[in-house]
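Student:
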Amino acid sequence: SQQGEEDPQALSIQEGENATMNCSYKTSINNLQWYRQNSGRGLVHLILIRSNEREKHSGRLRVTLDTSKKSSSLLITASRAADTASYFCAFNGGSQGNLIFGKGTKLSVKP
Amino acid sequence: DAGITQSPRHKVTETGTPVTLRCHQTENHRYMYWYRQDPGHGLRLIHYSYGVKDTDKGEVSDGYSVSRSKTEDFLLTLESATSSQTSVYFCAISGLKVDIQYFGAGTRLSVL
Chain A
3 SQQGEEDPQA
13 LSIQEGENAT
23 MNCSYKTSIN
33 NLQWYRQNSG
43 RGLVHLILIR
53 SNEREKHSGR
63 LRVTLDTSKK
73 SSSLLITASR
83 AADTASYFCA
93 FNGGSQGNLI
103 FGKGTKLSVK
113 P
Chain B
62 DAGITQSPRH
72 KVTETGTPVT
82 LRCHQTENHR
92 YMYWYRQDPG
102 HGLRLIHYSY
112 GVKDTDKGEV
122 SDGYSVSRSK
132 TEDFLLTLES
142 ATSSQTSVYF
152 CAISGLKVDI
162 QYFGAGTRLS
172 VL
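Same order as they appear, the protein sequences are chains A and B. Counting from 1, position 48 in the first sequence corresponds to residue 50 in the working numbering; the numbering is continuous, with no gaps. Counting from 1, position 94 in the second sequence corresponds to residue 155 in the working numbering; the numbering is continuous, with no gaps.
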């Protein structure tokens, strides 16, 4: 399978702590994206990092990309209860160049 | 949900019956996708479209067909529903193939 692998599968932290999620993939990529899914809702795009970038920030989000290790990480700083959701990485790894989604990390932030 | 409407939002049907799910967009995006989401599998691509009447298969296309007669509408049809097609189905759109995708709210389908 070309699906990405997120690690950990589930993460439980206290409000104010940082949350780090990792994604590994197997193919060459043009970009890697992270999405969030709240319970019962569709996925929402968070951030895109291109293959020639190593780090990108957006508000409390920091994404890193290491193409030599074929891995990416998403850091959420000073987490809030509202950050409770599942987080997915996605990359263009399909045979037709379609986005391939990982299985997700379920983050629970406790007040 | 970024100008994307999925209908119905919930459906319960019986094995062997045909089912059609609709995705409607108001963004005039070229690409439209149908995914299914199942526990332990994440999001898997069923079919996608890159223009009116232009469609192609994804990773899990068996048992599904699609049609796109207008830019704004992408239909997913289960010709004869099976219990293994019980899932949550998401439609997504994008301007470019590897660009950001925008998702609908999903359709929860139960095949009894």
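Think of the CB as a built atom: it goes at the ideal place given N, C-alpha and C, for glycine as much as any other residue. Computed from a predicted structure; not experimentally measured.
Out of L109/A, I102/A and V111/A, point me to the one whose CA is closest to E7/A's CA.
Tutor: Of L109/A, I102/A and V111/A, the residue nearest in Cα terms is I102/A.
Student: If we call anything under 8 angstroms between Cβ atoms a contact, is G156/B one with I65/B?
Tutor: Going by C-beta atoms, G156/B is not nearer than 8 angstroms to I65/B.
Student: Report the partner residues of Y150/B according to the DSSP bridge assignment.
Tutor: In DSSP, Y150/B forms a bridge with R97/B and T168/B.
Student: Whose C-beta lies closer than 6 angstroms to the C-beta of V149/B among residues of the same chain, with five residues either side of it excluded?
Tutor: Closer than 6 angstroms at Cβ, skipping near neighbours: Q98, G167 and R169.
Student: Taking only beta-carbon positions, decide if Q16/A is within less than 8 angstroms of chain B.
Tutor: By this cut-off, Q16/A is not an interface position.
Student: Does the region 108 to 124 of chain B touch the region 23 to 34 of chain A, meaning 3 or more C-beta pairs lie closer than 8 angstroms?
Tutor: No, because fewer than three Cβ pairs between the region 23 to 34 of chain A and the region 108 to 124 of chain B fall closer than 8 angstroms, the two stretches do not touch.
Student: Which of helix, strand or coil does DSSP assign to A84/A?
Tutor: If DSSP states are grouped into helix, strand and coil, A84/A belongs with the helices.
Student: As a quick exercise: from V172/B, H102/B, V159/B and S171/B, pick the residue whose alpha carbon is nearest that of S31/A.
Tutor: Reading off the sequence shown, one finds Ile at residue 31/A, where the question assumed Ser. Out of V172/B, H102/B, V159/B and S171/B, V159/B has the C-alpha closest to the C-alpha of I31/A.
Student: Provide the residue(s) that pair with N94/A in DSSP beta bridges, ordered along the chain.
Tutor: DSSP lists L101/A as partners of N94/A.
Student: In angstroms, rounded to a whole number, what distance separates the CA positions of G61/A and S145/B?
Tutor: Each residue's Cα considered, the two are about 41 angstroms apart.
Student: Is S130/B helix, strand or coil when you go by DSSP?
Tutor: Residue state, collapsed to three classes: strand.
Student: Comparing C-alpha positions only, which one of N20/A, G18/A and W36/A sits nearest to Y89/A?
Tutor: For the residues N20/A, G18/A and W36/A, the minimum Cα distance to Y89/A belongs to W36/A.
Student: Between T78/B and A142/B, which are expected to be in contact by the criterion C-beta below 8 angstroms, what is the C-beta distance as a whole number of angstroms?
Tutor: At roughly 6 angstroms, the Cβ-Cβ gap stays under 8 angstroms, so T78/B and A142/B are in contact.
Student: May I have the straight-line CA-CA distance separating Y92/B from R83/B, to the nearest angstrom?
Tutor: For Y92/B and R83/B, the distance between alpha carbons rounds to 15 angstroms.
Student: Along the region 33 to 49 of chain A, what residues have a CB closer than 9 angstroms to any CB found in chain B?
Tutor: Against chain B - using a Cβ distance shorter than 9 angstroms - the residues of the region 33 to 49 of chain A are N33, Q35, Y37, Q39, G42, R43, G44, L45, V46 and H47.
Student: Along chain A, in chain order, which residues have C-beta atoms closer than 8 angstroms to that of I161/B?
Tutor: Ordered by position in chain A, the residues that pass the 8 angstroms Cβ test against I161/B are Q35, H47 and L50.
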